[in-house]
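Asks: Chains as they are written, first to last, in our numbering: chain A, 1 to 146; chain B, 1001 to 1230.
(1) Less than 8 Å between the CB atoms is what I'm expecting for residue 1192 (chain B) and residue 1172 (chain B), so what's the real figure, rounded?
(2) Cα-Cα, which of A:138, A:120, A:127 and A:105 is closest to residue 52 (chain A)?
(3) Comparing C-alpha positions only, which one of A:10, A:143 and A:4 sits nearest to residue 76 (chain A)?
(4) If you run the structure through DSSP and keep just helix, strand and coil, what is residue 1107 (chain B)?
(5) Distance, Cα to Cα, residue 1136 (chain B) vs residue 1163 (chain B)?
(6) Can you tell me whether residue 116 (chain A) is buried or exposed, with buried defined as 16 or more other CB within 10 angstroms of its CB?
(7) Does DSSP put residue 4 (chain A) in a helix, a strand or coil?
(8) How would you call residue 1205 (chain B), buried or exposed, if buried means at least 16 neighbouring beta carbons within 10 angstroms?
(9) Just list the residues that DSSP pairs residue 1003 (chain B) with in beta bridges.
(10) Who are the neighbours of residue 82 (chain A) on chain B, taking C-beta pairs under 7 Å?
(11) Near residue 24 (chain A), what residues of its chain come up, given a Cβ to Cβ distance below 7 Å and the 5 sequence neighbours on each side ignored?
(12) I'd like to know whether the C-beta of residue 1072 (chain B) is nearer than 8 Å to at least one C-beta of chain A.
(13) Taking just the CA atoms, how far does residue 1139 (chain B) sit from residue 34 (chain A)?
(14) Could you give the distance in angstroms between the alpha-carbon of residue 44 (chain A) and the alpha-carbon of residue 1098 (chain B)?
(15) Which residue spans inside the region 102–144 of chain A form an unbroken alpha helix (DSSP H) run of at least 4?
(16) Is the closest heavy atom of the ligand PLP to the C-beta of residue 1175 (chain B) under 7 Å?
(17) Please confirm whether residue 35 (chain A) has its beta-carbon closer than 8 Å to some beta-carbon of chain B.
(18) Just by C-beta distance, which residues in the region 120–132 of chain A are closer than 8 Å to chain B?
(19) Using DSSP with H/G/I as helix, E/B as strand and the rest coil, what is residue 1207 (chain B)?
(20) Tell me, please, whether the CB atom of residue 66 (chain A) is closer than 8 Å to any CB atom in chain B?
(21) Taking any Cβ of chain A, which residues in the region 1015–1036 of chain B have a Cβ under 9 Å from it, in chain order?
(22) Let me know the alpha helix (DSSP H) ranges lying completely inside the region 1018–1079 of chain B, each 4 residues or longer, listed in chain order.
(23) Within this structure, are the beta carbons of residue 96 (chain A) and residue 142 (chain A) separated by less than 8 Å?
(24) Could you give the distance in angstroms between the alpha-carbon of residue 1052 (chain B) and the alpha-carbon of residue 5 (chain A)?
(25) Less than 8 Å between the beta carbons of residue 1002 (chain B) and residue 1020 (chain B), yes or no?
(26) Tell me whether the region 1055–1065 of chain B and the region 104–112 of chain A touch, counting them as touching only if at least three CB pairs, one residue from each stretch, are closer than 8 Å.
(27) Ignore the nearest five residues each way along the sequence and tell me which others in residue 1084 (chain B)'s own chain have a CB closer than 6 Å to its CB.
(28) Would you mind working out which of A:91, A:28, A:93 and A:13 sits nearest residue 1061 (chain B), comparing C-alpha positions?
(29) Closest to residue 60 (chain A) by C-alpha separation, out of A:82, A:85, A:29 and A:48, would be which residue?
(30) Mind checking which residues open and close the alpha helix (DSSP H) that includes residue 1170 (chain B)?
(31) Could you tell me whether the Cβ of residue 1228 (chain B) comes closer than 8 Å to any Cβ of chain A?
(32) To the nearest angstrom, how far is the alpha carbon of residue 58 (chain A) from that of residue 1073 (chain B)?
(33) Can you confirm whether residue 1181 (chain B), when its beta carbon is compared against all beta carbons of chain A, has any partner nearer than 8 Å?
(34) Count the other C-beta atoms from every protein chain shown that fall within 10 angstroms of the C-beta of residue 50 (chain A), then say buried if there are 16 or more, exposed otherwise.
(35) Pick from A:48, A:26, A:93 and A:18: whose alpha carbon is nearest that of residue 137 (chain A)?
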């Protein structure tokens, strides 16, 4: 996206992160709900993923980790939009890239687990993974943006 | 221009404080000795520099936000699923294999009200609801036919054997069946389990509940009474 300024990219990261928070929060609530309505069929089934052993790590729902991750990305993007350039030892660009990489890595891992282990796809989880990838793409190009 | 007290590079006065912070974060520099109070005030007035958001950027971001919001809404609301029969409409006909052997056809229940539950052996809400329905069945089995049909949504694939094991372990003696070809599920627009239809003696839908009945046994009783009176 050569035509977007650094500010544009940061605002886009903030917007996508906000969607990520909403999506992950919905999945967190969904994980606690007793019904199952995010199911298209036996393969595209949020419930099948939710009911698997992979829906929580150490008792913490995976979606809750997603809420925290996207909230951190949102906070970093907002700080950068407000003019902050550094946070601790690193620039905010580097922090954004780090958390975007972590999010995309976790998302890729969960998608592999869904396809090959659970053998079911949670569309809302894939939606979150797509947001992760988009944010990663923007974070990679941030240092080169004007 | 001022020379950086750490590296000696010439830097604009207004950028010096930021330069020292960014390039030499671990250096201890007393900027009061390098810059006058007026220069520092002027520098602070110009920083931090907020990255500019362009009009083109706003347009692109607005488009992206709308598209993502639409995709999210579609994923959550799923408007492409079937709707199924509404209250006052005839319940669609289907024939499905039962866990006890043989088949069951809905229309064979014509003349008697029916509680038709779409469930899944691995659905936690269905397992909880089985206990409620067992109690309801004890009170209404003389006047209402009960039929549970697995639509195999979640967990391990439901088979007739698994359904029969569920029936035995939960003490639910009525007919249980498997919608193997998704005929009933599509006809009734079932997209969550449990989904329960209350049919009157003519096969007309009196009420439908998605998920666990909010009022438990009392809710089932209320709607079964209406199905019996209809």
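Where a beta carbon is used, it is the ideal one built from N, C-alpha and C, also for glycine.
In this text, all values refer to a predicted model and were calculated from it rather than measured experimentally.
Replies: With the structure as the only source:
(1) Position 192 of the second chain holds residue 1192 (chain B). Position 172 of the second chain holds residue 1172 (chain B). About 20 Å separates the two Cβ atoms, so there is no contact after all.
(2) Within the first chain, residue 52 (chain A) is the residue found at index 52, counting from 1. Closest by alpha carbon: A:120.
(3) Sequence index remark: in the first chain, residue 76 (chain A) carries index 76 (1-based). Comparing Cα positions, the closest option is A:10.
(4) Here residue 1107 (chain B) refers to the residue found at position 107 of the second chain. DSSP places residue 1107 (chain B) in helix when its eight states are reduced to three.
(5) Sequence index remark: in the second chain, residue 1136 (chain B) carries index 136 (1-based). Sequence index remark: in the second chain, residue 1163 (chain B) carries index 163 (1-based). Rounded to whole angstroms, residue 1136 (chain B) to residue 1163 (chain B) spans 20 Å at the Cα level.
(6) The residue given as residue 116 (chain A) occupies position 116 in the first chain. Answer is exposed; the Cβ neighbour count stays below 16.
(7) By 1-based counting over the first chain, the position of residue 4 (chain A) is 4. Three-state result, residue 4 (chain A): coil.
(8) Walking along the second chain from the start, residue 1205 (chain B) turns up at place 205. The residue is buried, with at least 16 neighbouring Cβ atoms inside 10 Å.
(9) For the purposes of this step, residue 1003 (chain B) is taken as residue 3 along the second chain, with counting starting at 1. Answer by DSSP bridge pairing, in chain order: B:1010.
(10) For the purposes of this step, residue 82 (chain A) is taken as the residue at position 82 of the first chain. Those within 7 Å of residue 82 (chain A) in chain B are 1050.
(11) Counted from its first residue, the first chain places residue 24 (chain A) at position 24. Once the five neighbours on either side are set aside, the close Cβ partners of residue 24 (chain A) are 63, 66, 67, 70 and 128.
(12) Stepping through the second chain from its first residue, residue 1072 (chain B) is reached at position 72. By this cut-off, residue 1072 (chain B) is an interface position.
(13) By 1-based counting over the first chain, the position of residue 34 (chain A) is 34. By 1-based counting over the second chain, the position of residue 1139 (chain B) is 139. Residue confidence for residue 34 (chain A) is low, a pLDDT of 49 falling below 50, so the modelled location carries little weight; the figure read from the coordinates is stated next. Using only the alpha carbons, I get a separation of about 26 Å.
(14) Locating residue 44 (chain A) in the first chain gives position 44, counting from the first residue. Locating residue 1098 (chain B) in the second chain gives position 98, counting from the first residue. Cα to Cα, the separation comes out at about 26 Å.
(15) 123–141
(16) Among the components modelled here there is no ligand, and therefore nothing to report on the ligand PLP.
(17) By 1-based counting over the first chain, the position of residue 35 (chain A) is 35. Here residue 35 (chain A) scores only 49 on pLDDT, less than 50, and its place in the model should not be relied on; the value that follows carries that caveat. Judged by the 8 Å Cβ criterion, residue 35 (chain A) is in contact with chain B.
(18) 123, 124, 127 and 131
(19) As a position in the second chain, residue 1207 (chain B) is number 207, starting the count at 1. Residue 1207 (chain B) falls in the strand class under three-state DSSP.
(20) Counted from its first residue, the first chain places residue 66 (chain A) at position 66. For residue 66 (chain A), the answer is no, since every Cβ of chain B falls outside 8 Å of its Cβ.
(21) 1018, 1021, 1022, 1025 and 1026
(22) 1037–1046 and 1055–1077
(23) The residue you call residue 96 (chain A) lines up with position 96 of the first chain. The residue you call residue 142 (chain A) lines up with position 142 of the first chain. Taking 8 Å as the Cβ cut-off, residue 96 (chain A) and residue 142 (chain A) qualify as a contacting pair.
(24) Counted from its first residue, the second chain places residue 1052 (chain B) at position 52. Counted from its first residue, the first chain places residue 5 (chain A) at position 5. So the two alpha carbons sit approximately 7 Å from each other.
(25) Counted from its first residue, the second chain places residue 1002 (chain B) at position 2. Counted from its first residue, the second chain places residue 1020 (chain B) at position 20. No, Cβ-Cβ distance for residue 1002 (chain B) and residue 1020 (chain B) is not below 8 Å.
(26) no
(27) As a position in the second chain, residue 1084 (chain B) is number 84, starting the count at 1. Contacts found: 1188 and 1189.
(28) The sequence position of residue 1061 (chain B) within the second chain is 61, counting from 1. Out of A:91, A:28, A:93 and A:13, A:13 has the C-alpha closest to the C-alpha of residue 1061 (chain B).
(29) As a working note, residue 60 (chain A) is residue 60 in the first chain. Ranking A:82, A:85, A:29 and A:48 by Cα distance to residue 60 (chain A) puts A:29 first.
(30) Your numbering for residue 1170 (chain B) matches position 170 in the second chain. No alpha helix (DSSP H) holds residue 1170 (chain B); DSSP gives it neither H nor E.
(31) Your numbering for residue 1228 (chain B) matches position 228 in the second chain. Chain A contact via Cβ: absent.
(32) Looking up residue 58 (chain A) in the first chain gives position 58. Looking up residue 1073 (chain B) in the second chain gives position 73. Computed Cα separation, rounded: 31 Å.
(33) Residue 1181 (chain B) sits at position 181 when you count from the first residue of the second chain. No, no contact with chain A.
(34) Position 50 of the first chain, counting from 1, holds the residue named residue 50 (chain A). Buried: at least 16 other Cβ atoms inside 10 Å.
(35) Taking the first chain and counting its residues from 1, one reaches residue 137 (chain A) at position 137. That would be A:93, whose Cα lies nearest to the Cα of residue 137 (chain A).
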